[in-house]
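Q:
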Amino acid sequence: MASSCSQALKQHVCKSSTILRVHLQKSWPKRSFVLNSAADQQPAVSSPEEIVIPKKKTWSKEAVLQALASTVSRDPTASDYRLQDDPYLTPKTSSEFKLFSLSQESGKNAAKYFINTYPKYFQKDYAQPHIPCLMPETLEAQIEEVSEAALIERIHMRKVKAAVDLYDQLQQAGTPVSLDVTNQLLDLICFYGDSDPAQENVPEQRNEETEDVQDEPQTKKGRASKASDQLKAAWKENNNAERIFALLSEPNTHSYSALIRGMVKYGAYSKAFSTYTDLLNNRLKADVNTFNALITAAPEVKEKYNEKWELIVDLLKELAEQKIKPNLLTLNGVLKALRRCGTLGKSQAFPVLSEMKALSIDPSLASYNHLLGIFYKPGAPFLGQTDILQEVMNEVSGKSFTPQDPDDAQFFITAVRICLDTKDIEQAYSVHELLGVGENWRLLGNDLQQNIYYARFFSLLCMMENIDVMLKWYRDLVPSVYYPSSNIMRDLLQALDTDNRLDLIPQIWKDIKQLGHANRQKLVEDLLTLMAREKQDQEVQESFAECALDIKKMYDTGDRGKVIMSWTATSLSDVISVLLAAQRRQDAWEILKLFKTHNRVPSEELLNKFLTCVTESGEVNHAVELVQISAGFCLPETPKLIQRVQQEFQLSEQQKNILSDLEIQTFNSD
Amino acid sequence: MYRRLLINIYQVRNGLIHTQNTRLPSTKCKERESFAPVIWAPCTARPLGTSSISFNENKESSTSLSEDKEKRPEENEAKEEVNTDGQKSTEMNECTEISNATLASQLETETVDKPEDSKQVEKTKSGKESLLELLGAMKVEVTTVRKIRPSKTPRMSERADQEPMESAHSMFQHATAEGSQQHGTLNPALVAAVSAAASTLPNRHQAESELLKQLRKHEAVPDTQRRAEGQNIGHIIADMKVGRRTNGRSNARPTSQIRFDDDGKGYTQDRGITGELDAVRRRKSPFTSKRLNIFTAGMEQDTLSDLGPTLWDIDLANQIIQATNQTPRNGFEEMIQWTKDGKLWQYPINNEAGLEEEASVPFHEHVFLEKHLDESFPRQGPVRHFMELVITGLAKNHQLTVQQKKEHIDWFRDYFRQKDDVLKEAEA
Numbered sequence: 001m002a003s004s005c006s007q008a009l010k011q012h013v014c015k016s017s018t019i020l021r022v023h024l025q026k027s028w029p030k031r032s033f034v035l036n037s038a039a040d041q042q043p044a045v046s047s048p049e050e051i052v053i054p055k056k057k058t059w060s061k062e063a064v065l066q067a068l069a070s071t072v073s074r075d076p077t078a079s080d081y082r083l084q085d086d087p088y089l090t091p092k093t094s095s096e097f098k099l100f101s102l103s104q105e106s107g108k109n110a111a112k113y114f115i116n117t118y119p120k121y122f123q124k125d126y127a128q129p130h131i132p133c134l135m136p137e138t139l140e141a142q143i144e145e146v147s148e149a150a151l152i153e154r155i156h157m158r159k160v161k162a163a164v165d166l167y168d169q170l171q172q173a174g175t176p177v178s179l180d181v182t183n184q185l186l187d188l189i190c191f192y193g194d195s196d197p198a199q200e201n202v203p204e205q206r207n208e209e210t211e212d213v214q215d216e217p218q219t220k221k222g223r224a225s226k227a228s229d230q231l232k233a234a235w236k237e238n239n240n241a242e243r244i245f246a247l248l249s250e251p252n253t254h255s256y257s258a259l260i261r262g263m264v265k266y267g268a269y270s271k272a273f274s275t276y277t278d279l280l281n282n283r284l285k286a287d288v289n290t291f292n293a294l295i296t297a298a299p300e301v302k303e304k305y306n307e308k309w310e311l312i313v314d315l316l317k318e319l320a321e322q323k324i325k326p327n328l329l330t331l332n333g334v335l336k337a338l339r340r341c342g343t344l345g346k347s348q349a350f351p352v353l354s355e356m357k358a359l360s361i362d363p364s365l366a367s368y369n370h371l372l373g374i375f376y377k378p379g380a381p382f383l384g385q386t387d388i389l390q391e392v393m394n395e396v397s398g399k400s401f402t403p404q405d406p407d408d409a410q411f412f413i414t415a416v417r418i419c420l421d422t423k424d425i426e427q428a429y430s431v432h433e434l435l436g437v438g439e440n441w442r443l444l445g446n447d448l449q450q451n452i453y454y455a456r457f458f459s460l461l462c463m464m465e466n467i468d469v470m471l472k473w474y475r476d477l478v479p480s481v482y483y484p485s486s487n488i489m490r491d492l493l494q495a496l497d498t499d500n501r502l503d504l505i506p507q508i509w510k511d512i513k514q515l516g517h518a519n520r521q522k523l524v525e526d527l528l529t530l531m532a533r534e535k536q537d538q539e540v541q542e543s544f545a546e547c548a549l550d551i552k553k554m555y556d557t558g559d560r561g562k563v564i565m566s567w568t569a570t571s572l573s574d575v576i577s578v579l580l581a582a583q584r585r586q587d588a589w590e591i592l593k594l595f596k597t598h599n600r601v602p603s604e605e606l607l608n609k610f611l612t613c614v615t616e617s618g619e620v621n622h623a624v625e626l627v628q629i630s631a632g633f634c635l636p637e638t639p640k641l642i643q644r645v646q647q648e649f650q651l652s653e654q655q656k657n658i659l660s661d662l663e664i665q666t667f668n669s670d
Numbered sequence: 001m002y003r004r005l006l007i008n009i010y011q012v013r014n015g016l017i018h019t020q021n022t023r024l025p026s027t028k029c030k031e032r033e034s035f036a037p038v039i040w041a042p043c044t045a046r047p048l049g050t051s052s053i054s055f056n057e058n059k060e061s062s063t064s065l066s067e068d069k070e071k072r073p074e075e076n077e078a079k080e081e082v083n084t085d086g087q088k089s090t091e092m093n094e095c096t097e098i099s100n101a102t103l104a105s106q107l108e109t110e111t112v113d114k115p116e117d118s119k120q121v122e123k124t125k126s127g128k129e130s131l132l133e134l135l136g137a138m139k140v141e142v143t144t145v146r147k148i149r150p151s152k153t154p155r156m157s158e159r160a161d162q163e164p165m166e167s168a169h170s171m172f173q174h175a176t177a178e179g180s181q182q183h184g185t186l187n188p189a190l191v192a193a194v195s196a197a198a199s200t201l202p203n204r205h206q207a208e209s210e211l212l213k214q215l216r217k218h219e220a221v222p223d224t225q226r227r228a229e230g231q232n233i234g235h236i237i238a239d240m241k242v243g244r245r246t247n248g249r250s251n252a253r254p255t256s257q258i259r260f261d262d263d264g265k266g267y268t269q270d271r272g273i274t275g276e277l278d279a280v281r282r283r284k285s286p287f288t289s290k291r292l293n294i295f296t297a298g299m300e301q302d303t304l305s306d307l308g309p310t311l312w313d314i315d316l317a318n319q320i321i322q323a324t325n326q327t328p329r330n331g332f333e334e335m336i337q338w339t340k341d342g343k344l345w346q347y348p349i350n351n352e353a354g355l356e357e358e359a360s361v362p363f364h365e366h367v368f369l370e371k372h373l374d375e376s377f378p379r380q381g382p383v384r385h386f387m388e389l390v391i392t393g394l395a396k397n398h399q400l401t402v403q404q405k406k407e408h409i410d411w412f413r414d415y416f417r418q419k420d421d422v423l424k425e426a427e428a
């Protein structure tokens with residue numbers, strides 16, 4: 001190619017260089033360097049590839065819709081599509097959102113339940129052509145007699161107990177059951193761990209979304225799922241699967257595979273390995289699924305890191321010996337196991353990935369997720385590994401991934417966690433960009449994971465970006481895809497603070513109210529402190545005052561049985577300072593009275609400030625009253641206040657008396 | 001500058017690479033090579049490695065050209081990269097950029113890089129291919145660099161803009177033309193660039209004057225020599241792609257360079273995007289590292305699952321669906337979902353959807369049903385007349401399949417056969 005280019009250059013020297021640039025840029029990425037001299041003779045512009053126009057193009061049934069769907073981009077002002085049924089019901093807070101999606105899901109499940117429970121009422125088939133998925137499923141076994149067909153039917157209906165019973169009856173009757181059917185039965189028993197499957201109508205989101213998404217969700221989830229595993233029946237000694245397996249005269253690979261996978265799934269790891277040894281002793285070949293299961297089990301049976309890894313390598317070697325090609329799940333399993341191999345993981349992870357490439361298996365996002373998990377342990381310091389994420393991003397950027405592994409959905413939250421930990425906003429942007437490629441958004445996972453992802457992305461933005469960019473993202477994502485938690489809102493306030501854009505606070509307060517965080521005491525107090533801290537322009541101060549009064553209302557009305565926030569001394573004094581700065585003495589005066597009703601003690605500083613303000617307006621009555629309040633709280637500052645009032649105001653006789661009385665009182669109490 | 005480049009290439013081509021230190025001005029060469037042993041250690045087999053002999057004594061004079069020094073390790077590393085895998089060669093590109101950015105000395109280092117590779121080309125076919133690949137990769141990188149930092153075109157970029165993609169060949173011409181004009185004097189742009197570069201260094205004036213001196217030396221190379229060499233090299237240069245220069249890097253460097261000098265530990269991680277990109281290019285990607293070598297490629301997946309998907313397969317698919325976000329984002333996606341479920345009429349609209357079993361039956365089977373009447377019905381009479389009416393009705397019926405129509409006729413056949421007696425009685 002280079003020589004042809006030189007030829008080209010000779011021919012086109014006179015032409016403008018831009019044409020050349022276009023040509024070179026086009027031809028170089030192809031990098032076909034095998035051009036011979038004959039190619040050199042050709043004109044520089046390579047002849048266009050011949051286009052074969054097909055006589056007929058068969059479109060897939062979704063092609064038209066896909067083309068149409070690609071024309072629709074996200075509308076940041078609209079809520080999610082599935083929430084658009086009824087504008088009245090469109091959720092505005094995360095809890096409403098949860099409620100909405102849960103009820104939507106449970107509505108579907110309820111309908112399905114009724115159709116399946118009372119199939120006789122749903123027999124009319126209006127559809128032409130027939131739509132099978134709208135018809136009730138048969139949940140009762142149709143074949144009553146004891147036969148292999150009946151067994152197959154029960155296996156398909158996933159009735160574990162009934163199938164086992166029937167199998168026993170068949171055995172007693174002396175009817176032979178074919179190996180395939182027995183294997184299917186074994187699959188069924190092992191899959192459900194020898195107990196009937198629970199009803200499948202579980203709601204879509206059973207994860208409890210907690211307020212602090214900042215926590216490590218993976219560990220939390222891991223713990224939760226482990227706990228639920230333990231609640232689930234563990235692999236029992238001599239259960240039906242083992243019993244039926246023992247009855248088999250000649251178990252084949254499939255039988256062993258079912259048994260081993262069941263054992264691994266239900267935590268009988270060492271038993272799985274001994275079954276595998278049995279399999280080898282019987283001179284059978286295992287299949288790739290068996291190995292996948294064993295590789296998952298490998299870290300569980302060994303203690304030391306290097307033993308774990310050796311076991312995995314042994315398994316892989318046996319795979320190769322038996323001439324079985326590993327699949328993506330095998331190597332992802334290896335990577336996942338490497339996460340539990342300590343420092344060994346770091347040295348072995350990349351060779352595993354290279355192996356994957358050598359086998360022309362495209363790594364899925366789960367592979368990269370495990371890779372990141374190996375190199376970036378949560379909570380561990382990052383020593384010179386910051387570029388692993390960079391490498392990974394170089395590999396994946398611009399690619400569209402299809403879901404191939406259940407762990408695929410972890411990639412984005414892991415990547416953004418690392419960005420957050422390393423404070424790397426550029427990488428975060430590239431991760432976010434990757435999310436927009438193709439169908440990658442599907443791999444962001446369920447709502448909980450989306451929430452985590454956006455929470456991390458946002459807190460990174462709050463930390464690293466300037467406020468204008470930050471607010472652009474905020475307007476773009478909130479609340480159409482993300483309902484920030486109150487912690488994120490506090491981050492946002494901090495960002496406002498650092499960039500000195502406190503004037504936006506009233507606006508943010510509106511959002512906070514809409515997002516349902518107006519009753520989060522900590523957030524509200526932060527907000528008040530920020531507003532009270534400095535004196536702003538007249539206009540801004542005015543809007544602050546409005547905002548403060550609005551906040552006061554939130555304290556007053558604990559609507560619908562929500563937890564009412566309780567006034568603290570600081571929040572009260574913050575509100576008062578905001579109001580005083582906006583020259584709203586009347587409102588401030590009312591707030592001051594709240595100190596008494598809520599049994600809070602105002603600070604001396606506040607009273608001084610208040611008095612200064614009263615002095616400016618020259619309201620004598622208020623000044624005296626202020627002193628009375630101060631005396632009421634037995635503040636040590638009271639004598640000074642009395643002195644100030646006596647000096648700065650024209651007092652009437654009566655007021656003078658009151659003050660002197662107070663003076664004596666405080667003196668006595670001292 | 002270009003003249004100098006050409007000269008160097010020629011020299012290198014003639015095997016003069018070993019004489020690098022005699023050829024170059026002594027101080028500079030030494031300074032540069034004081035670094036060489038450190039970085040070139042991995043690539044011992046290279047001819048350039050020979051020049052890495054004993055140069056630590058001249059360290060004190062290194063301040064003036066510390067910038068040069070800084071770039072050196074990176075380039076060397078890049079070379080190493082080139083040798084090993086030849087995939088990520090960005091450095092040569094970088095070299096060209098830098099050279100344009102001012103420093104004549106820099107240019108020399110660059111020329112050392114290039115000819116060496118071109119030498120390999122001559123020696124081995126594979127060497128040539130790898131070089132070409134390199135160059136190709138380099139070109140690609142140039143465009144990406146440009147995309148990423150469109151705004152950062154610092155001081156020397158005017159020239160690069162004028163000649164965005166200049167072939168080495170035409171550059172050569174340009175260089176000779178230029179060279180003859182400015183024999184003795186220096187290009188004012190160069191001077192400006194030198195002073196700019198010098199300003200980044202601590203000892204400003206000294207650095208500037210030294211740099212200028214250096215440049216003048218290069219200018220002083222006899223014209224005749226240059227011309228003679230020039231023609232020979234033409235095609236080599238044509239083979240080499242001197243990329244367009246986006247510099248932007250030249251101002252990013254000095255800071256990291258200084259850091260390098262200070263701690264002496266090696267370059268620290270630069271957190272900017274430029275720094276990161278450089279870091280990636282400099283290092284070999286871990287994704288191309290060695291593999292486990294357990295499996296041999298090209299193994300066949302054994303297809304055990306002849307029984308269709310097992311329970312486990314279904315479960316895996318379910319898990320994946322559960323893990324991913326399957327909710328539609330807009331109405332069309334919902335319709336796609338429905339289409340997949342089979343709830344929606346499929347696009348493109350087909351009138352015969354759901355009539356798959358009839359698709360292979362031609363229409364005349366439906367319409368011309370007389371042939372079914374032939375065998376057992378009477379040829380004439382009321383029964384025949386009745387049956388003709390029946391088939392006329394059937395021919396117009398679009399609800400029934402051909403099979404059902406046949407069955408319908410068969411039913412009548414049976415019926416009339418059973419009533420044969422009655423019919424005969426009535427008719428006879």
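These protein sequences, in sequence, are chains A and B. Mapped onto full-length UniProt numbering, the consecutive letters of the first sequence carry residue numbers 1 to 670. Mapped onto full-length UniProt numbering, the consecutive letters of the second sequence carry residue numbers 1 to 428. Beta carbons are placed, not taken as given, at the ideal position from N, Cα and C, and that holds for glycine.
Could you give the residue range of the alpha helix (DSSP H) that holds W473 (chain A)?
A: 467-477 is the extent of the alpha helix (DSSP H) around W473 (chain A).
Q: Could you confirm whether any beta carbon from chain A is found closer than 8 Å to the beta carbon of Q418 (chain B)?
A: Output row for Q418 (chain B): interface = no.
Q: Please report the distance separating the alpha-carbon of K656 (chain A) from that of E648 (chain A).
A: Cα to Cα, K656 (chain A) sits roughly 12 Å from E648 (chain A).
Q: Going along the chain, which residues of the segment 378-402 of chain B sit with their C-beta nearer than 9 Å to a C-beta in chain E?
A: Among the protein chains in the structure shown, which are A and B, there is no chain E.
Q: What three-state label does DSSP hand D408 (chain A) in the structure shown?
A: Of the three classes helix, strand and coil, the one that applies to D408 (chain A) here is helix, per DSSP.
Q: For A409 (chain A), go through chain B and note every residue whose CB falls closer than 7 Å to its CB, in chain order.
A: The contacting residues are A323, T324.
Q: Alpha carbon to alpha carbon, how far is K371 (chain B) from Q403 (chain B)? Give it in angstroms, no decimals.
A: Each residue's alpha carbon lies about 14 Å from the other.
Q: What residues in the segment 345-359 of chain B have a beta carbon less than 7 Å from any beta carbon of chain A?
A: From the segment 345-359 of chain B, only Q346, Y347, P348, A353, G354 have a Cβ closer than 7 Å to chain A.
Q: Less than 8 Å separating the beta-carbons of L444 (chain A) and Q450 (chain A)?
A: Contact: yes.
Q: For L248 (chain A), which residues in the same chain have their Cβ closer than 7 Å to its Cβ, ignoring the five residues on either side in sequence?
A: T182, S255.
Q: Do T666 (chain A) and A631 (chain A) have their C-beta atoms within less than 8 Å of each other?
A: Yes, the pair counts as a contact, with Cβ atoms nearer than the cut-off.
Q: Determine whether the Cβ of P309 (chain B) lies closer than 8 Å to any Cβ atom of chain A.
A: Judged by the 8 Å Cβ criterion, P309 (chain B) is not in contact with chain A.
Q: Near R584 (chain A), what residues of its chain come up, given a Cβ to Cβ distance below 7 Å and the 5 sequence neighbours on each side ignored?
A: For R584 (chain A), where only same-chain residues beyond five positions count, the Cβ hits under 7 Å are A545.
Q: When the distance is taken between beta carbons, is I295 (chain A) closer than 8 Å to V352 (chain A)?
A: No, they are not a contact pair.
Q: Starting from the Cα of V408 (chain A), find the closest Cα among A:L365, A:C613, A:D537 and give me that residue.
A: Looking at the sequence shown, residue 408 (chain A) is not Val but Asp. Among A:L365, A:C613, A:D537, the Cα nearest to that of D408 (chain A) is on A:L365.
Q: On the criterion of 16 or more Cβ atoms from any shown chain inside 10 Å, does R261 (chain A) qualify as buried, or is it exposed?
A: Burial call: buried.
Q: Rounded to the nearest angstrom, what separates W345 (chain B) and D491 (chain A) at their Cα positions?
A: Spanning the two alpha carbons is a distance of roughly 49 Å.
Q: With DSSP run on the structure shown, which of helix, strand or coil describes A359 (chain B)?
A: In this structure, A359 (chain B) counts as coil in the three-state DSSP scheme.
Q: May I ask which residues mark the beginning and end of the alpha helix (DSSP H) holding E425 (chain B)?
A: 420-427 is the extent of the alpha helix (DSSP H) around E425 (chain B).
Q: What does the alpha-carbon distance come out to for the pair F33 (chain A) and A349 (chain A)?
A: Any answer about F33 (chain A) is weak, because its pLDDT of 37 lies below 50 and its placement is not dependable; what the coordinates show is given next. Computed Cα separation, rounded: 33 Å.
Q: Identify every run of the alpha helix (DSSP H) within the segment 125-207 of chain A, keeping only runs that are complete inside it and at least 4 residues long; order them along the chain.
A: You should have 148-156, 160-173, 179-191.
Q: Could you pull out every residue in the same chain whose Cβ sits closer than 6 Å to the Cβ of D414 (chain B), ignoring the five residues on either side in sequence?
A: No residues qualify anywhere along the chain.
Q: Which residues in chain B sit within 8 Å of S354 (chain A), going by Cβ to Cβ distance?
A: F287, T288, S289, K290, R291, L292, listed in chain order.
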